[in-house]
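As structure tokens, the structure follows; a few thoughts come after it.
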Amino acid sequence: MTKLRYAGYGVLAALTGSGVGHLAAALTDPAASPVLAVGELVIDHTPTPVKDWAIVHFGTHDKTILVGSVLIGVLVLAGVAGLLAKRSFRLGAGLLSLLVAVALYAALTRPVVRPVDALPGVLTGIVGLVALRLLTRLETGAAVVPGTGLGAGPPRGSAGSTGPAPPGPGRRGLLLGVAGVAAVAAAGEYAGRLVARSREAIGNITLPRPHSKAGPFPRGLDDKVAGITPLRTSNADFYRVDTRLTLPIVDASSWSLTVDGDVGNQQSWSFEDLLAMPLIERDITLTCVSNDIGGPYVGGARWLGVRLTDLLDRAGVGTHSDQILSTDVDGMTISTPLALATDGRDAMIAVAMNGDPLPREHGFPARMVVPGLYGFISACKWITRMTLTTYDDDTAYWTHRGWATDAPIKVASRIDTPNGLHVKGGRALIGGVAWAQPVGVAKVEVQIDGGPWRPATLGPSAGNDYWRQWYLPWNADPGSHQLSCRATDKKGNVQTAVRATPFPNGSSGLQKLVVSVA
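For what it's worth, the numbering used here labels the leading residue of the sequence shown as 16, then goes sequentially.
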């Protein structure tokens with residue numbers, strides 16, 4: 016039982032330290048929080064196949080599972096530290112210090128680091144060690160010198176004692192000490208969350224009217240086909256796939272966007288500068304390269320921003336560059352083929368999404384949006400710099416990990432309904448969405464039980480850069496049935512049946528859904 020208590024003291028000491036560290040990070044830089052910093056380090060060193068597996072199996076919960084796994088690992092080692100402290104405080108303190116050192120290394124080796132980023136880790140270590148010292152002293156019954164948390168002398172009866180030890184705090188004192196340390200741990204974590212939540216609030220931003228406005232948004236099939244994906248994805252429901260365990264907290268008043276590298280005149284603009292430029296409004300569907308056949312990582316929204324070419328023209332692009340190397344506020348890099356970003360498509364630096372300023376999780380205050388390219392080569396969120404350079408000279412985050420440099424979005428379609436393995440017999444509707452940016456969807460066909468391809472009815476169009484809803488009436492007879500769909504773009508390119516995994520340039524193949532009709 017004593018061993019279990021000491022293990023608990025190690026865990027409680029670690030929680031107390033990390034709670035205070037989390038609060039300090041919330042006040043300075045959330046990404047420097049010890050557990051999150053270690054999590055980011057794990058992400059950066061995780062092999063690509065493992066990342067793909069996590070996204071496929073855990074979806075948008077992959078970050079939660081990663082943070083939970085890191086925390087469990089830390090707490091297990093903290094429990095070991097507590098057990099070592101029973102034998103020798105120095106051993107337990109050494110292991111805790113090692114854990115803190117790893118967190119400090121993770122926080123201070125990120126691409127963008129400030130001296131204050133060391134504060135959360137340092138406080139975590141100090142508070143954790145003091146808590147462990149206090150709890151182990153209380154357990155052994157040694158007196159604690161007020162204001163220091165250090166024992167006044169060796170425990171009663173131990174070797175080296177020169178006389179009767181001062182009276183220990185007793186069981187009640189131990190319980191009060193444990194409760195006090197636990198309260199500090201809980202208060203630090205709770206206060207950190209409150210501070211982080213308050214800092215995430217964007218505040219009031221008045222968006223100007225677009226210089227080039229999108230057409231009226233059509234009424235989709237949302238009410239006609241039950242279970243179909245809404246034609247417009249709300250900001251709250253829009254997919255999010257990135258490497259961040261915590262959202263960058265960017266102040267729009269101090270943020271700036273710089274264009275440098277192979278340019279005639281390096282340029283920098285504030286957020287207000289962007290809002291004062293001619294803005295375009297466009298309906299664009301974005302797709303993540305991690306999206307597997309029939310997957311959820313695709314969404315359509317109305318974006319407002321500055322044409323990318325307007326910014327590049329002001330800087331004057333040179334003749335040597337072949338990529339735009341975008342960098343976000345924390346040093347993450349994304350490379351975009353210059354030729355594709357400037358070929359006439361509505362590429363932009365977006366400042367708004369569905370009529371509101373960008374949510375923090377989608378890149379506030381500004382992000383890149385390039386229709387027709389997977390996000391990993393085009394959709395830099397929290398962008399702060401665009402460097403005109405070459406692929407030979409500079410390698411972005413995903414390129415360094417073996418992903419393709421040229422990755423146009425493939426023609427694809429998805430079945431949304433029926434959305435279960437068991438459906439009722441009788442008249443039903445098969446429906447879903449299809450996308451083929453930037454060419455546009457010409458038709459969608461459905462195959463039932465390997466039979467002929469039957470043309471589906473397309474929903475209204477919101478432009479070639481936007482997905483299309485579709486549906487097909489179906490007389491569902493009892494039994495097991497296989498449903499499949501395929502799209503064709505306006506150039507006649509048919510969605511390929513050849514299956515490919517997301518790595519390195521996007522998945523392909525036809526979705527095959529087996530349903531049982533009762």
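Even glycine gets a Cβ: it sits at the ideal position worked out from N, Cα and C.
For residue i, which of the options has the nearest alpha-carbon?
i	options	result
Val459	Ile424, Ser499 and His37	Ser499
Ala197	Gly279, Val26, Asp361 and Ala362	Val26
Tyr254	Arg297, Tyr312 and Asp77	Tyr312
Ala133	Leu190, Tyr205, Gly36 and Leu355	Gly36
Ala13	Ile295, Arg214, Gly242 and Gly203	With the chain covering only 16 through 533, there is no way to say anything about residue 13.
Ser341	Asp409, Asp358, Gly314 and Trp318	Asp409
Ala367	Asp325, Gly192 and Trp318	Trp318
Asp492	Ala533, Val456 and Leu528	Ala533
Met292	Ala422, Asp431, Val344 and Arg322	Arg322
Leu525	Ile445, Arg429, Leu436 and Ser305	Arg429
Met363	Asp337, Asp421 and Leu301	Leu301
Gly478	Val240, Gly440, Arg360 and Thr151	Arg360
Leu438	Pro470, Ser531, Gly455 and Arg416	For the record, residue 438 in the displayed sequence is Val; it is not Leu. For the residues Pro470, Ser531, Gly455 and Arg416, the minimum Cα distance to Val438 belongs to Ser531.
Met347	Ala411, Asn369, Ser285 and Thr61	Ala411
Gly107	Asp464, Ala96 and Phe379	Ala96
Val385	Gly370, Ser350, Asp277 and Val448	Ser350
Lys78	Val91, Gly94, Val50 and Ala93	Val50
Val240	Gly32, Leu98, Thr334 and Trp489	Trp489
Asp275	Phe232, Ser476 and Gly333	Gly333
Pro223	Arg20, Asp288 and Ala394	Asp288
Trp450	Gly310, Leu86 and Gly94	Gly310
Gly441	Tyr481, Arg400 and Gly494	Gly494
Leu528	Pro433, Leu111, Ala471 and Thr151	Pro433
Phe379	Leu272, Thr31, Leu99 and Thr63	Leu272
Leu262	Gly143, Pro245 and Glu215	Glu215
Arg562	Val448, Leu327 and Thr155	This structure does not reach residue 562, given that the chain is present from 16 up to 533, and the question cannot be answered.
Thr503	Lys425, Glu204 and Val193	Lys425
Gly314	Gln462, Ala427, Gly331 and Ala116	Ala427
Gln281	Val304, Arg234 and Ala330	Ala330
What are the boundary residues of the alpha helix (DSSP H) that residue i is part of?
i	result
Lys527	From DSSP, Lys527 is part of no alpha helix (DSSP H) but of the beta strand (DSSP E) over Lys527 to Val532.
Ser271	No alpha helix (DSSP H) contains Ser271, which is instead part of the beta strand (DSSP E) from Ser271 to Gly276.
Thr300	From DSSP, Thr300 is part of no alpha helix (DSSP H) but of the beta strand (DSSP E) over Leu294 to Thr302.
Leu90	Asp77 to Arg102
Val35	Thr17 to Leu42
Trp418	Trp418 -> no alpha helix (DSSP H), and no H or E assigned at all.
Residue i by DSSP, collapsed to three states: which one?
i	result
Arg483	strand
Gly474	coil
Gly494	strand
Leu319	strand
Val53	helix
Arg375	helix
Ala362	coil
His226	coil
Gly314	strand
Ser112	helix
His72	helix
Asn520	coil
Arg514	coil
Val65	helix
Val131	helix
Val240	coil
Val438	strand
Val117	helix
Arg234	coil
Arg247	coil
Arg125	coil
Name the DSSP bridge partner or partners of residue i?
i	result
Met401	Val274 and Ser341
Pro488	Leu444
Val462	The question names Val, yet the displayed sequence has Gln at residue 462. Gln462 pairs with Ser499.
Leu388	Pro423
Ala367	Leu319 and Pro372
Arg469	Val461
Arg329	BP columns for Arg329 are empty, so no partner.
Val265	Answer by DSSP bridge pairing: none, since Val265 is not bridged.
Val456	Asp504
Arg382	Ala365
Tell me where the beta strand (DSSP E) around residue i begins and ends.
i	result
Pro135	Segment Leu134 to Thr155 is the alpha helix (DSSP H) holding Pro135; no beta strand (DSSP E) there.
Gly537	Shown here, the chain extends from 16 to 533; a query on residue 537 therefore has no answer.
Leu444	Gly441 to Trp450
Trp284	Gln282 to Ser285
Arg429	Ala427 to Thr432
Thr348	Thr348 to Pro352
Val509	Careful: Val509 lies outside any beta strand (DSSP E) and carries neither H nor E.
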